[in-house]
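Read in full-length UniProt numbering, the sequence shown has 21 at position 21, and its numbers run on one by one without any break.
Glycine included, every Cβ here is placed at the ideal spot set by N, Cα and C.
Single-structure report; data block below.
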Amino acid sequence: MKLSAFGRKFTADAGITSLMDDLGNAMASGDDMIMMGGGNPGHIPEIQQRVQEILADMSRSESDVRRLVGIYDPPQGEKQFIAALAEMLNREYNWGLKPENIALTNGSQAAFFMLFNMFGGDYGEGQRKHILLPLAPEYIGYADAGIEPGLFHAVQPDISFTDAHEFKYRVDFDAVEVTGETGAICVSRPTNPTGNVVTDDELARLEQLARDHDVPLIVDGAYGTPFPSLLFVDATPTWNEQIILCLSLSKLGLPAARTGIVIAAEPIIKALSGINAIVNLATGSFGAMLADPLVRSGEILSLSREVVCPFYKAKMQKAVAVFRDAMGEDSCRWYLHKPEGAMFLWLWFPDLPITSLELYQRLKARGVLVVSGHYFFPGLPEDGWKHRHECLRVTYSQDDERVAEGLRIIADEVKAVWREAGREV
């Protein structure tokens, strides 16, 4: 089969396709694999009960069922939900939003594909612009989202040690360079894969850099604020017309609804809606209609703060305690990134005798599915920084006992690697 450049690019091996294939194959095979690789949210009883109630109410309403399955939404998205969301955010944060500031997409991944290629790539007359990622590592799903190669430029972080076995990435502003070839700046908050939360001060400095160079600052809030609020440190919800804020219903507990939310200046929303029309014709109504009652009542915020956040914080604390105990204080060098949000532990094994990809393969053979850290550095040169091959991303959103078993196997395998290399552990 002969393919165009577009076809070749999007059928080539990619980190996100490898991840999703592994997850799908493991689920379909029925193997007793411990699933610690993907970002599938945990099943929170309070959220599932509320969703069931909303579905039951909708099923009894002829007009709601018609809206749900029988009517195309406009390319901007379901209008009643958008209006309710603008009203709620204005009531809560005084952002001055109009419905024209919000668009829906068929999942956040679709939103980033459109935004990255709106602001990065070929501008004509020989000018090409990149998307600047000021804090690597970053989300695996960004890496292959550019239609053109070399879309991303990333910056290595400052690393500060916050405990004997804990560290934190910080934006190295001395190394962040916004130029005439920068089309947009993008940062996730909290960061997938590390659980890092860019501070209010860091975000304000990035916003000022974007303003000074007249480029948008894209903030990926899929795990963040104002919802679903998988945040274990303080982080102020922030939006103005310099910022493109991307939210999602997935981590609230609705990943199959595939509903991304983009909040931006009106011209950006208009452009995004036009692309939506061409690529998707219309966005799906399901997620918007499920979330509509939660938004109108403000319940989406209280559920996020009082149910979703504590659920994941408790899981994080259990996972950290298990891993610390399994690794011990005096064994080989190991660190975990300070877990400030999201649903991941980011494990770092300095000077590991094998690559993180090899470690991933060994763990997979032992029935534990994780993600090799090397996938999470889009925009950095392939060589020159060993750190990228020394890390793993581990998801702790699933059953606590299974997560604990998986973490103990990871610790055991890392120690086995060191023993094979002739080092006492």
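What number of angstroms, rounded off, separates the C-alpha of residue i from the C-alpha of residue j?
| i | j | result |
| --- | --- | --- |
| L55 | E177 | 49 Å |
| L206 | C391 | 26 Å |
| A291 | R333 | 45 Å |
| P267 | L359 | 46 Å |
| D400 | M327 | 18 Å |
| M58 | H389 | 49 Å |
| G253 | I82 | 19 Å |
| P310 | S356 | 31 Å |
| L89 | L3 | 45 Å |
| E181 | R128 | 6 Å |
| K313 | L303 | 14 Å |
| Q208 | A404 | 42 Å |
| I243 | A265 | 8 Å |
| L85 | M118 | 25 Å |
| Y396 | V308 | 14 Å |
| V322 | M35 | 17 Å |
| L115 | L301 | 26 Å |
| residue 432 | I71 | Given a span of 1 to 425 for the chain in the structure shown, any question on residue 432 remains unanswerable. |
| E53 | P293 | 11 Å |
| P99 | F232 | 31 Å |
| N276 | C186 | 21 Å |
| residue 426 | R211 | Because the chain in this structure spans residues 1 to 425, residue 426 falls outside the shown range and cannot be described. |
| S160 | H337 | 10 Å |
| K251 | A257 | 11 Å |
| D172 | E62 | 55 Å |
| T236 | E299 | 19 Å |
| A103 | G126 | 31 Å |
| T105 | R296 | 20 Å |
| D351 | C246 | 36 Å |
| L133 | A154 | 5 Å |
| Q49 | G42 | 14 Å |
For a test of the three-state rule: what should DSSP assign to residue i, helix, strand or coil?
| i | result |
| --- | --- |
| K338 | coil |
| F6 | helix |
| M343 | coil |
| E33 | Residue 33 is actually Met in this sequence, not Glu. M33: coil per DSSP, three-state reduction. |
| S331 | coil |
| L151 | coil |
| T182 | strand |
| I47 | helix |
| R423 | coil |
| A103 | strand |
| T11 | helix |
| V414 | helix |
| V69 | helix |
| V176 | coil |
| S108 | helix |
| L290 | helix |
| L133 | strand |
| P381 | coil |
| Q76 | coil |
| N40 | coil |
| G195 | coil |
| S61 | coil |
According to DSSP, residue i sits in a beta bridge with which residue or residues?
| i | result |
| --- | --- |
| G224 | BP columns for G224 are empty, so no partner. |
| I297 | Residue 297 is actually Ser in this sequence, not Ile. Beta-bridge pairing links S297 to no other residue. |
| E166 | D163, L336 |
| R128 | D122 |
| D158 | R170 |
| V371 | R393 |
| V322 | Paired residues: none, contrary to the question. |
| V187 | V219 |
| W348 | Y335, C391 |
Does residue i pass the burial test, meaning 16 or more other C-beta atoms within 10 Å, or should it be called exposed?
| i | result |
| --- | --- |
| P149 | exposed |
| Q361 | exposed |
| V262 | buried |
| residue 426 | A query on residue 426 cannot be resolved here, the shown segment of the chain reaching from 1 to 425 and no further. |
| D144 | buried |
| Q398 | buried |
| L135 | buried |
| G107 | buried |
| H213 | exposed |
| D163 | exposed |
| V414 | buried |
| S285 | buried |
| W385 | exposed |
| P378 | buried |
Checking contacts by CB at 9 Å: is residue i closer than that to chain D?
| i | result |
| --- | --- |
| N40 | Chain labels in this structure do not include chain D; a single protein chain is all it has. |
Start-end ranges of the beta strand (DSSP E) lying completely within the region 197-283, minimum 3 residues: 217-220, 243-248, 260-263
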